[in-house]
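Input: a single structure, listed below in structure tokens.
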Amino acid sequence: MNDLKTVLLIVGGSIVLVLLMIFGLTKMARNSGNEVGVIVDENVLSDGALLSTQSGKVKVTVVNFSDMQCPACKAADGVLEGLVGKEGVRYVIRHYPLMGHRYSTNGARAVEAARQMGKGWEMMDLLFEKQEEWSGVSPKEIDARMISYATDLGLEKTDFEERSKSDDTAQAVNTDKALGDRLRLSGTPTVYVNGEQVSPDFVLGRVDELIKAAGEK
270 MNDLKTVLLI VGGSIVLVLL MIFGLTKMAR NSGNEVGVIV DENVLSDGAL LSTQSGKVKV
330 TVVNFSDMQC PACKAADGVL EGLVGKEGVR YVIRHYPLMG HRYSTNGARA VEAARQMGKG
390 WEMMDLLFEK QEEWSGVSPK EIDARMISYA TDLGLEKTDF EERSKSDDTA QAVNTDKALG
450 DRLRLSGTPT VYVNGEQVSP DFVLGRVDEL IKAAGEK
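Spelled out as structure tokens, the structure:
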């Protein structure tokens, strides 16, 4: 009798374990696929953000952790630029320079310096456009290359250079990076839509869904 109870307990435990594994795998498949992953407090993501744009009454906030030297970020920007000026959307860029990209911090500082001078979005677009060009220069040339891009945008050379090397600019970039580290980001681009992590390819569709849902309330 005791042997039978032991067998039944073992079988029952095995069934429960299998069910738990199936549930876990199903949940992982749901989250890996593609649309929605981790959820983070929206205020944590956007508070203190410096590079942002919005149009009309905000219904959806999109926060994009990006690296100016990251090829995947460049590709995502081609999709996400459609958020700029979109009615009801606030679009936020936060810097997350990766250690594997030797000039990513230079790029982030260039964008932040240009933002202070009213051309942050333009500098970001230009750095993505010229990404292969400036990624291939020598360390001695990188600062001069950033300055040349700034003058191409009509920014005053000395002012830009001073701002790009200032403590305030470094602090702005470091603040974004520290937030990304606290969130344990695995890479870039990492995009959140109203606090939900969403694959860049699905962001525009998710934004439209949320705007529609907000209009129906």
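Sequential numbering of the sequence shown, starting at 270, is according to the numbering used here.
Note that beta-carbon positions come from the ideal geometry of N, C-alpha and C, so glycine has one too.
### Message
For residue 484, tell me which candidate among 425, 457, 356, 435 has the shortest Cα-Cα distance.
### Response
Within the sequence shown, residue 484 is the residue found at index 215, counting from 1. Among 425, 457, 356, 435, the Cα nearest to that of residue 484 belongs to 356.
### Message
Below 7 Å, is the gap between the Cβ of residue 361 and the nearest heavy atom of the ligand ADP?
### Response
As presented, the structure is devoid of all ligands, the ligand ADP included, so that no description of it is given.
#### Entry: Run of the alpha helix (DSSP H) containing residue 451, from where it starts to where it stops
Along the sequence shown, one-based indexing puts residue 451 at 182. Counting along the chain, the alpha helix (DSSP H) containing residue 451 begins and ends at 436 to 451.
### Task
Could you round the C-beta distance between residue 313 and residue 358 to whole angstroms and report it? I think they count as a contact, below 8 Å.
For the purposes of this step, residue 313 is taken as residue 44 along the sequence shown, with counting starting at 1. For the purposes of this step, residue 358 is taken as residue 89 along the sequence shown, with counting starting at 1. Between residue 358 and residue 313 the Cβ distance is about 19 Å, and since that is not below 8 Å, they are no contact.
### Message
So within the region 451 to 486, which uninterrupted beta strand (DSSP E) runs reach at least 3 residues, ignoring any that extend past its ends?
### Response
For the region 451 to 486, the full-length beta strand (DSSP E) segments reaching 3 residues or more read 459 to 462, 465 to 467 along the chain.
### Task
Return the first residue and the last residue of the beta strand (DSSP E) that residue 372 is part of.
Here residue 372 refers to the residue found at position 103 when the sequence shown is read from its first residue. Run containing residue 372: none; DSSP gives neither H nor E here.
### Message
According to DSSP, is residue 313 part of a helix, a strand, or is it coil?
### Response
Here residue 313 refers to the residue found at position 44 when the sequence shown is read from its first residue. In this structure, residue 313 counts as helix in the three-state DSSP scheme.
### Message
Less than 8 Å between C-beta atoms, sequence neighbours within five positions excluded: which residues of the same chain meet that for residue 476?
### Response
Your numbering for residue 476 matches position 207 in the sequence shown. Counting only Cβ-Cβ distances below 8 Å, and skipping sequence neighbours, we find 329, 331, 352, 355, 358, 462.
#### Entry: Neighbourhood of residue 222 by C-beta distance below 6 Å, restricted to the same chain and skipping five residues each side
What the structure shows of the chain is the stretch from 270 to 486, and residue 222 is not part of that stretch, so it cannot be assessed.
### Query
What do you reckon, are the CB atoms on residue 509 and residue 430 nearer than 8 Å?
Residue coverage of the chain in this structure runs from 270 to 486, which leaves residue 509 outside it and unanswerable.
### Task
Please look up how many angstroms separate the CB atoms of residue 336 and residue 370, rounded, as I've assumed it's under 8 Å.
One-based indexing of the sequence shown puts residue 336 at position 67. One-based indexing of the sequence shown puts residue 370 at position 101. Contact flag correct, Cβ pair sits at about 6 Å.
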